[in-house]
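A quick write-up on the structure given underneath.
Protein chains: 2
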Amino acid sequence: MAQITGKATLLFDRPPRIIGAASIVGSKESDGPLGHLFDCIEEDPKFGKNTWEEAESELQLRTARKVLEKTGLTEEEVRYLFAGDLLAQGIATSYGIMELQIPLFGLYGACSTCGESLSLAAMCISAGYAGCVMALTSSHFASAEKEFRFPLEYAGQRPLSTTWTVTGAGAFLLASEDFLSSSPSSVCITGITTGKIVDYGVKDSMHMGAAMAPAAADTIARHLHDTGRTVEDYDRIITGDLGSVGQIILKDLLREQNIEPGDRHEDCGILIYDPNTQDTHAGGSGCGCSASVLASYILPKLRRGEWKRVLFLPTGALLSKVSFNEGHSIPGIAHGIVLEHC
Amino acid sequence: MAQITGKATLLFDRPPRIIGAASIVGSKESDGPLGHLFDCIEEDPKFGKNTWEEAESELQLRTARKVLEKTGLTEEEVRYLFAGDLLAQGIATSYGIMELQIPLFGLYGACSTCGESLSLAAMCISAGYAGCVMALTSSHFASAEKEFRFPLEYAGQRPLSTTWTVTGAGAFLLASEDFLSSSPSSVCITGITTGKIVDYGVKDSMHMGAAMAPAAADTIARHLHDTGRTVEDYDRIITGDLGSVGQIILKDLLREQNIEPGDRHEDCGILIYDPNTQDTHAGGSGCGCSASVLASYILPKLRRGEWKRVLFLPTGALLSKVSFNEGHSIPGIAHGIVLEHC
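Sequences listed follow chains A and B, in order. Sequential numbering from 19 applies to the first sequence in my numbering. Sequential numbering from 19 applies to the second sequence in my numbering.
Structure (structure tokens):
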């Protein structure tokens, strides 16, 4: 079903196809450079609900429904759901997707969860365990600030290394080759490199880029080593949410291993906001950052053939407010997904 | 690789073997009816650490090391780790297993996580994605009370429907048929039925058995429907942590569907403590409850052939303190694992 290569990489003999993708974001994201690419914009940060957590659940549900609508499928045709979010005990997911009644694998990989969910969904499809599955992740600026930092009402100051949690969600339908043979999609997941935890001792929760860059560097290096490829084999290597400061650190760490991605490196967190006008400091972050940028910006370019092969690496910072308050460092993880025009 | 049957069940053509299992628990668990069966007992509730969270991380790491020691394997031979715990952002896992440096899929399914991790691990092995993988879950009484209820210092009163979070962890090594051909193990995972979220509107976080029983009933009924089997095809149907009150509710719900497990039903939460002497009220709960009872009590009976086939169903209550404080109900989920002597 797959070629097992190196320590952590699988190359699929039968690559699953991404037959549908949808993104929904908030108004700040719609004001950014990718604003015209998202499927839906919601101007109400509460999404018509009473709490930030309910808002994120609603966002996740709407995004799942959107990808079903776009592909003309029903929830009954989706065999498994791989989903997660940033909140404690994944409540945005649990309350959000309940009414879909799809058998659920709940995941937690912080902002890397989009990569984790796509990895497991791809493994599931390639093994023939299902015809169609969904990968779904979300984040919300206000629920994340409450979860990890301070209530918005405190109006805390943010240092320039801080990223801004994206209010957004991405939903993806993966299917086997023989499912929906008339699908217009032409992006496959041809391989994955699963991340391990990397901790360089960064303790500043206002500097997540620094905490996650070592994990991203580790997964990129391991992926290239496992596959025997070079950065030139990829049109782009796109990390999740390192932001502009994290990008510098990533490139420094890769240089130590003689890996020079140069302009091939992009970062969803840098892409989603305009640094000059949006006051988001180092860029965007959150599960919804990489997920919404993948759905709106990366996949269309692959589908059109502008890019042939992309290494997509959502990055996660595995802290909680308890671990932060107890003085622990912030371990990082990054999951690599090989996306190909096919 | 697997027979896809019904809405949510897979029956594996090449069932993965459980080649190793280990359990470590605290002193209260060692005083219970299964006390003599666990691999290690730790009398210090802090496991030599400074905080409850660090204690749980240490518990998880020691349990992972124990199963490697018992099987004579090294962490380098384990290709993937499927792991989780109850804490916000899964920090017991992230900090616990960091030094093992195994590529990680972080999971959250509340107390059902043991079932979720075994499901994904079995799917991974049966598809040929790895020779050997580990499933690992933990819970700790004090970290869970702090996470979901009150600090221990409040000395809150507990109603009789409450369960007691088990301080314990279980680690399992799953392998393909050709990995370690001399292994003495003889328990296979022959199938899984993946749970979906079921919510009957229970809002009492001191009555988790009632919140989870509907999910357990749903997965049992769906499993039997999907496979065309009856309860008589199983020596035991063993739920995770419904406790004594939840067990009554489960049996009532199953009766409505003409399913009568009778004495074939057992519950890890009921098995682990002595209700007469241990003052745990309805029984035990937590990811570590089903995991440690599986490793210490269920698998040895299957290995010896006393039982031929067991349906094992860890049950999870998908609440957080935020969802509870915001007045939400407690959704449940249960993942079914078919364990067979082989």
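Backbone N, C-alpha and C define an ideal beta-carbon position, used for all residues, glycine too.
What's the gap between the Cα of residue i and the Cα of residue j?
i: Phe-362/B; j: Thr-245/A; result: Because chain B here runs from 19 to 360, residue 362/B falls outside it and cannot be looked at.
i: Ile-238/A; j: Leu-242/B; result: 44 Å
i: Lys-7/B; j: Gly-114/B; result: Chain B is shown only over 19 to 360; residue 7/B falls outside these bounds and no answer can be derived.
i: Leu-336/A; j: Trp-182/B; result: 27 Å
i: Leu-191/B; j: Glu-117/A; result: 35 Å
i: His-353/A; j: Pro-293/B; result: 45 Å
i: Gly-188/A; j: Ala-313/A; result: 6 Å
i: Ile-256/B; j: Phe-342/B; result: 28 Å
i: Glu-93/A; j: Gly-174/A; result: 42 Å
i: Ala-228/A; j: Val-220/A; result: 7 Å
i: Ala-148/B; j: Cys-58/B; result: 29 Å
i: Met-141/A; j: Ser-157/B; result: 28 Å
i: Ile-22/B; j: Val-216/B; result: 22 Å
i: Gly-104/B; j: Ala-300/B; result: Going by the sequence as given, residue 104/B is Leu instead of Gly. Leu-104/B and Ala-300/B: Cα-Cα distance of roughly 19 Å.
i: Glu-274/A; j: Lys-214/B; result: 46 Å
i: Ile-316/A; j: Leu-29/A; result: 20 Å
i: Leu-331/B; j: Asp-236/B; result: 11 Å
i: Gly-66/A; j: Ile-348/B; result: 22 Å
i: His-372/B; j: Glu-163/B; result: In the structure as shown, chain B starts at 19 and stops at 360, and residue 372/B therefore has no counterpart that could be examined.
i: Val-249/A; j: Leu-52/B; result: 55 Å
i: Glu-344/B; j: Pro-279/A; result: 46 Å
i: Leu-271/B; j: Ala-231/B; result: 8 Å
i: Glu-61/B; j: Leu-55/B; result: 16 Å
i: Arg-240/A; j: Thr-211/A; result: 8 Å
i: Lys-326/A; j: Val-311/B; result: 50 Å
i: Ile-267/A; j: Phe-159/A; result: 25 Å
Residue i: which of the options sits nearest, CA to CA?
i: Arg-35/A; options: Leu-136/A, Leu-105/A and Arg-83/A; result: Leu-136/A
i: Leu-320/B; options: Asp-292/B, Glu-358/B and Pro-293/B; result: Glu-358/B
i: Gly-108/A; options: Thr-257/A, Glu-95/A, Ser-161/A and Leu-138/A; result: Ser-161/A
i: Met-152/A; options: Lys-164/A, Gly-261/A, Cys-132/A and Glu-171/A; result: Cys-132/A
i: Gly-38/B; options: Ala-193/B, Ile-215/B, Phe-168/B and Ile-290/B; result: Ala-193/B
i: Leu-125/A; options: Leu-138/B, Ile-120/B and Gln-119/B; result: Leu-138/B
i: Cys-129/A; options: Asp-57/A, Val-85/A, Gly-304/A and Ile-351/A; result: Gly-304/A
i: Gly-306/A; options: His-54/A, Ser-75/A and Ile-22/A; result: Ser-75/A
i: Ala-101/A; options: Phe-123/B, Ala-235/B and Leu-86/B; result: Phe-123/B
i: Leu-154/B; options: Tyr-172/B, Arg-83/B and Ile-215/B; result: Arg-83/B
i: Thr-111/B; options: Leu-91/B, Arg-80/B and Leu-86/B; result: Arg-80/B
i: Asp-31/B; options: Ile-143/B, Asp-62/B, Pro-318/B and Glu-95/B; result: Ile-143/B
i: Ser-179/B; options: Thr-208/B, Ser-223/B, Ala-145/B and Glu-195/B; result: Ser-223/B
i: Thr-208/B; options: Lys-269/B, Asp-297/B and Ile-355/B; result: Ile-355/B
i: Thr-333/A; options: Asn-68/A, Asp-49/A, Pro-121/A and Gly-350/A; result: Gly-350/A
Quick test of your reading: residue i and residue j, contact by CB under 8 Å. State the CB separation rounded to the nearest angstrom.
i: Glu-47/B; j: Val-184/B; result: 6 Å
i: Gly-261/B; j: Ser-41/B; result: In fact, because the Cβ distance is near 20 Å, the residues do not count as touching under 8 Å.
i: Gly-258/A; j: Cys-286/A; result: 6 Å
i: Cys-395/B; j: Cys-206/B; result: No statement about residue 395/B is possible, as the shown extent of chain B runs from 19 to 360 and does not include it.
i: Ala-309/A; j: Ala-145/B; result: Contact doesn't hold; Cβ gap of about 25 Å is too wide.
i: Tyr-291/A; j: Gly-50/A; result: 5 Å
Buried or exposed: where does residue i fall if 16 or more other Cβ atoms within 10 Å of its Cβ makes it buried?
i: Ala-26/B; result: buried
i: Ala-233/A; result: buried
i: Asp-251/B; result: exposed
i: Pro-177/B; result: exposed
i: Glu-9/A; result: Since the first residue of chain A shown is 19 and the last is 360, residue 9/A is not available in this structure.
i: Leu-97/A; result: With the sequence shown as reference, residue 97/A is identified as Arg, and Leu is not the correct amino acid for it. Its Cβ being crowded by 16 or more others within 10 Å, Arg-97/A is buried.
i: Arg-254/A; result: buried
i: His-225/B; result: buried
i: Gln-78/A; result: buried
i: Arg-322/A; result: exposed
i: Phe-168/B; result: exposed
i: Glu-171/B; result: exposed
i: Ser-45/A; result: exposed
i: His-283/A; result: buried
i: Thr-295/B; result: exposed
i: Gly-302/A; result: buried
i: Gly-90/B; result: exposed
Please confirm whether residue i has its beta-carbon closer than 8 Å to some beta-carbon of chain C.
i: Ala-162/B; result: Going by chain labels, chain C is absent from the structure shown, which instead holds the protein chains A and B.
Checklist entry - What residues in the stretch 98 to 121 of chain A bring their beta carbon closer than 8 Å to a beta carbon of chain B? => result Tyr-98, Gly-102, Leu-104, Leu-105, Ala-106, Gln-107, Gly-108, Ile-109, Ser-112, Tyr-113, Ile-115, Met-116, Gln-119, Ile-120 and Pro-121
Checklist entry - In chain order, what residues of the stretch 229 to 242 of chain B put their CB closer than 8 Å to some CB of chain A? => result none
Next on the checklist: Please list, in chain order, the residues of the stretch 333 to 358 of chain B that have any C-beta partner in chain A closer than 8 Å.
Outcome noted: Leu-336, Leu-337, Ser-338, Lys-339, Val-340, Ser-341, Glu-344, His-346, Pro-349 and Ile-351
Checklist entry - Between the stretch 137 to 151 of chain B and chain A, which residues of the former have a C-beta closer than 9 Å to a C-beta of the latter? => result Ser-137, Leu-138, Met-141, Cys-142, Ser-144, Ala-145, Gly-146, Tyr-147, Ala-148 and Gly-149
Next on the checklist: Counting only Cβ-Cβ distances shorter than 8 Å, please list the residues of the stretch 34 to 60 of chain A near chain B, keeping chain order.
Outcome noted: Residues: none.
Next on the checklist: Using a Cβ-Cβ cutoff of 9 Å, what residues of the stretch 207 to 218 of chain A are near chain B? List them in chain order.
Outcome noted: Thr-211, Thr-212, Gly-213, Lys-214, Ile-215, Val-216 and Asp-217
Next on the checklist: Residues of the stretch 22 to 34 of chain A in Cβ contact with chain B at a cutoff of 8 Å, in chain order, please.
Outcome noted: Ile-22, Lys-25, Ala-26 and Leu-28
Checklist entry - For the stretch 121 to 136 of chain A, which residues have a CB atom closer than 9 Å to at least one CB atom of chain B, in sequence order? => result Pro-121, Leu-122, Phe-123, Gly-124, Leu-125, Tyr-126, Gly-127, Ala-128, Ser-130, Thr-131 and Glu-134
Item to check | Under 9 Å (Cβ pairs) to chain A, residues found in the stretch 64 to 76 of chain B | outcome: Asn-68, Thr-69, Glu-71 and Glu-72
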